[in-house]
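For the sequence shown, position 40 (counting from the first letter as 1) is numbered 69 according to the working numbering, and the numbering increases by one without interruption.
Think of the CB as a built atom: it goes at the ideal place given N, C-alpha and C, for glycine as much as any other residue.
Owing to the predicted nature of the structure, the values given are computational and were not obtained by experimental measurement.
First up is the structure itself, then whatever we jot down about it.
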Amino acid sequence: MCRKILLFFFSLLVLFGLAGNAQVQKDFWKPAASYDKTRGRIVAVGLGSTYLVSMTGLYYLWYADYPLGNFHGFNDNDEWLQMDKAGHFGSTYYLGKWGIDLMQWTGMPHKKATWIGGSLGFAFLTTIEVFDGFSEEWGFSSADMITNVAGSAMAISQELIWKEQRINIKFSWHASDYNQYNKNLLGDNFPETLFKDYNGQTYWLSANIKSFMKDDSKFPAWLNIAFGYGAEGMTGARDNSNLGILNTNKFERYRQFYIAPDIDLTKIKTGNNTLKTIFGVFGFLKIPFPTLELNNQKSIQFHWLYF
Numbered sequence: 030m031c032r033k034i035l036l037f038f039f040s041l042l043v044l045f046g047l048a049g050n051a052q053v054q055k056d057f058w059k060p061a062a063s064y065d066k067t068r069g070r071i072v073a074v075g076l077g078s079t080y081l082v083s084m085t086g087l088y089y090l091w092y093a094d095y096p097l098g099n100f101h102g103f104n105d106n107d108e109w110l111q112m113d114k115a116g117h118f119g120s121t122y123y124l125g126k127w128g129i130d131l132m133q134w135t136g137m138p139h140k141k142a143t144w145i146g147g148s149l150g151f152a153f154l155t156t157i158e159v160f161d162g163f164s165e166e167w168g169f170s171s172a173d174m175i176t177n178v179a180g181s182a183m184a185i186s187q188e189l190i191w192k193e194q195r196i197n198i199k200f201s202w203h204a205s206d207y208n209q210y211n212k213n214l215l216g217d218n219f220p221e222t223l224f225k226d227y228n229g230q231t232y233w234l235s236a237n238i239k240s241f242m243k244d245d246s247k248f249p250a251w252l253n254i255a256f257g258y259g260a261e262g263m264t265g266a267r268d269n270s271n272l273g274i275l276n277t278n279k280f281e282r283y284r285q286f287y288i289a290p291d292i293d294l295t296k297i298k299t300g301n302n303t304l305k306t307i308f309g310v311f312g313f314l315k316i317p318f319p320t321l322e323l324n325n326q327k328s329i330q331f332h333w334l335y336f
C-alpha cells in the first residue's frame, strides 16, 4: 500500500512546494500578522480542491480495476520489513509540516494552526486507508493508521515545543539488484522501481545540530546529522518464495541502519529566488554523503557516497 502513498506524497510535494515558493518570489507567502479571511478562503479552497482531485485520481489509478466489497481489515505488520510503515510515517509528517506552514500563512493563532495544519496528513492518509478497507485487493491496516498518527504527531509536537521542525524526515533512493527477480512487484523501469522497490529506499531522521545549541553558536546552520533505515534482500512482501522465480529464497532479507552528515537546504541563505524555490521543493531529499551502515550481513560497512 505504501506505493500508493509514495505516489500521492510526491504529487502533493510538487503541488505544495511549487505553489508556496512561487509566492515567496512575490513576498506574498509571509505569514499574516493576524488571521486574514481572504488567505483563509484561499487555503480552504486550495486544500479542498487538492483533496478532491488527488483522491479521485488515486481512486481511478489504483482502485477502479479491482472489485469492492464490505469494509474489512488486513494485517500487513510483517510485510517488507516495515519499510512501507516508514513511508507512511514520512508522508504524514511532511503533509503535516506543509499544513502547519499553510495555516500560519493565514495568520491563524500558532496552536490552532499547528493542530489543524499538522493533522492534514492524517486526514489525507486516512481516506486512503478507507479506500483500502473497501477494496478486496487490500484491506484496512491498523498498523498503517498507527504510523500515520505518529508522523502527524512528530510534526505537531516539534511545532508546539520548539516552534520549528528541528528534526525532519528525509528520503533517498538507489537502484537495487533485486527488482530483476520480480519485476511485477518491484518494477521494470525507473519510475516503477522508485515507487515499488523497497530495497532501494531509505528513510532518514535528519536533525539540525545548531538548533540544539545556544543562539550565539557559530556552528553552520545548514549542517545536519542523519540516521537512516533501509532493508534489502526482499523480492516479496513477507518472504522470497513468491512465484518460485530463480529460487529467490537464496536471498537473506535484512535490515540496514545508517548514520551520515546531511544538509538542510532550507537553512542555506540565498537571495536568489530560483534557488529558494529549488531548496523548498527538494528539501525532503537526503543529500548523498559518506555513510556508515550497520547490518547483520557485514556488520559495519562504509560507503563513500550513499544514495
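Own chain residues within Cβ distance below 6 Å of residue i, not counting five before or after
| i | result |
| --- | --- |
| glycine 69 | Thr135 |
| phenylalanine 118 | Thr176, Ala179 and Gly180 |
| tryptophan 333 | Pro319 |
| glutamate 95 | Here residue 95 is tyrosine; the residue named in the question, glutamate, does not match the sequence. Hits under 6 Å: Ser164 and Glu166. |
Inter-residue spacing [alpha-carbon to alpha-carbon] between residue i and residue j
| i | j | result |
| --- | --- | --- |
| asparagine 208 | lysine 247 | 46 Å |
| isoleucine 185 | lysine 279 | 43 Å |
| phenylalanine 160 | asparagine 324 | 36 Å |
| leucine 110 | lysine 225 | 14 Å |
| threonine 299 | aspartate 293 | 13 Å |
| glycine 75 | isoleucine 329 | 47 Å |
| methionine 242 | lysine 66 | 38 Å |
| asparagine 253 | methionine 183 | 18 Å |
| tyrosine 92 | alanine 115 | 23 Å |
| isoleucine 307 | tyrosine 258 | 26 Å |
| serine 78 | aspartate 245 | 44 Å |
| glycine 312 | asparagine 218 | 25 Å |
| alanine 62 | proline 220 | 42 Å |
| glutamine 52 | leucine 304 | Confidence at glutamine 52 is low in this model, with a pLDDT of 42, below 50, so its placement is unreliable and the value that follows should be read with caution. Spanning the two alpha carbons is a distance of roughly 14 Å. |
| alanine 172 | leucine 124 | 19 Å |
| glycine 86 | alanine 204 | 28 Å |
| isoleucine 196 | leucine 90 | 33 Å |
| tryptophan 202 | aspartate 291 | 15 Å |
C-beta atoms of residue i and residue j nearer than 8 Å
| i | j | result |
| --- | --- | --- |
| alanine 255 | lysine 239 | no |
| glutamate 188 | glycine 147 | yes |
| threonine 320 | tyrosine 287 | yes |
| tyrosine 335 | alanine 289 | yes |
| tryptophan 144 | isoleucine 198 | no |
| tyrosine 80 | methionine 137 | no |
| threonine 156 | methionine 84 | yes |
| arginine 267 | aspartate 107 | yes |
| asparagine 269 | arginine 282 | yes |
| glycine 150 | histidine 101 | no |
| glycine 98 | glutamate 158 | no |
| threonine 222 | leucine 215 | yes |
| asparagine 237 | lysine 296 | yes |
Minimum C-alpha distance to residue i - residue among the options
| i | options | result |
| --- | --- | --- |
| alanine 152 | Ser120, Glu165 and His139 | Ser120 |
| tyrosine 122 | Glu322, Glu261, Phe200 and Phe286 | Phe200 |
| glycine 309 | Gly150, Phe219, Tyr89 and Lys126 | Lys126 |
| aspartate 206 | Leu252, Ala260, Ala182 and Asn253 | Ala260 |
| isoleucine 316 | Asp173, Ala115, Ser235 and Leu124 | Ser235 |
| glycine 168 | Gly229, His203, Ile196 and Asp105 | Asp105 |
| serine 170 | Ile196, Phe103, Leu124 and His203 | Phe103 |
| glutamine 230 | Leu124, Phe331 and Leu314 | Leu314 |
| histidine 139 | Val82, Gly86 and Ile190 | Ile190 |
| glycine 262 | Leu304, Val82, Met112 and Tyr88 | Met112 |
Same chain only: Cβ atoms within 7 Å of residue i, ignoring 5 sequence neighbours per side
| i | result |
| --- | --- |
| proline 60 | Gln133, Trp134 and Gly136 |
| leucine 131 | Val72 and Gly146 |
| alanine 142 | Ile129, Met132 and Gln133 |
| tyrosine 88 | Phe160 |
| glutamine 54 | Residue placement at glutamine 54 is flagged as unreliable, the pLDDT there being 43, under the threshold of 50; a coordinate-derived value is accordingly withheld. |
| valine 82 | none |
Proximity test, residue i beta-carbon vs the ligand NAP heavy atom, cut-off 7 Å
| i | result |
| --- | --- |
| aspartate 206 | The model depicted lacks the ligand NAP and carries no ligand whatsoever. |
Cβ shell of residue i (< 8 Å), same chain only, five flanking positions each side left out
| i | result |
| --- | --- |
| serine 326 | Rather than serine, the amino acid found at residue 326 in this sequence is glutamine. So the qualifying residues of the chain are Glu281 and Tyr283. |
| phenylalanine 331 | Pro319, Thr320, Leu321 and Glu322 |
| methionine 174 | Thr155 and Glu158 |
(Q) Just to confirm the assignment: which complete beta strand (DSSP E) runs, minimum length 3, are found wholly within the region 63-149? (A) none
Q) Considering only residues of the region 232-277, which uninterrupted beta strand (DSSP E) runs meet the minimum length of 3 residues and lie entirely inside it, listed in chain order? A) 252-261
Q) Can you give, in chain order, each stretch of the alpha helix (DSSP H) that sits fully within the region 156-232 and has at least 4 residues? A) 171-191, 212-215 and 219-225
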